[in-house]
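Worksheet: one structure, shown below.
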Amino acid sequence: MSLRASCLAFSLAAITLAPAPAFAEDDLPFLGRWDCEVAEFTFTPDTYNNGSDDLPILEIQEGTDGSYTLFFDDDYAITLSGFTGDTMGWYSLASGDAFNCTRLSE
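Taking the numbering used here, I'd label the letters of the sequence shown as residues 1235 to 1340.
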């Protein structure tokens, strides 16, 4: 393989392996503390606390409808949607549970 072809292949591999850009904190409407009916949930850019455990967020995907799906270990995921500033919906893809959440003051 020529040097030029090797450089091109390396560049393409680097682009493919590069992590997706992280969301800016201002772009994530779910950050903060929320009363979600069954517990107080807290979201940071990296962690979701379900009232008892800190779960590291592996990936965040924004839906075309303005929702956000958060992915965790063991194929667990939740979707957050319906943001109005002080309210949002919480939905578990695993259990089908859904809660209405109200933002708590910091």
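A virtual CB, placed ideally from N, CA and C, is assigned to each residue, including glycine.
- From the listed residues Gly1330, Gly1300, Asp1331, the smallest Cα separation to glycine 1316 is found for Gly1300.
- For alanine 1273, same chain residues with a beta-carbon under 8 angstroms away, outside a window of 5 residues either side, are Asn1284, Gly1285, Ser1286 in chain order.
- Excluding the 5 residues flanking it on each side, threonine 1278 has same chain C-beta neighbours closer than 7 angstroms at Leu1265, in chain order.
- With a 10 Å radius around the Cβ and a threshold of 16 neighbouring Cβ atoms, leucine 1327 comes out exposed.
- Of the candidates Thr1298, Leu1262, Gly1297, the residue whose Cα lies closest to the Cα of tyrosine 1282 is Leu1262.
- The C-alpha of glutamate 1271 is placed about 23 angstroms away from the C-alpha of aspartate 1280.
- Within the same chain, and ignoring the five residues on either side of leucine 1289 in sequence, the residues whose Cβ sits closer than 6 angstroms to its Cβ are Tyr1282, Phe1306.
- Where tyrosine 1282 is concerned, the enclosing beta strand (DSSP E) starts and stops at 1281-1283.
- In the DSSP annotation of this structure, the continuous segment of the beta strand (DSSP E) that includes phenylalanine 1277 starts and ends at 1274-1277.
- Within 10 angstroms of the beta-carbon of leucine 1314 lie 16 or more other beta-carbons, which makes it buried.
- For aspartate 1307, the secondary structure class from DSSP, reduced to helix, strand or coil, is helix.
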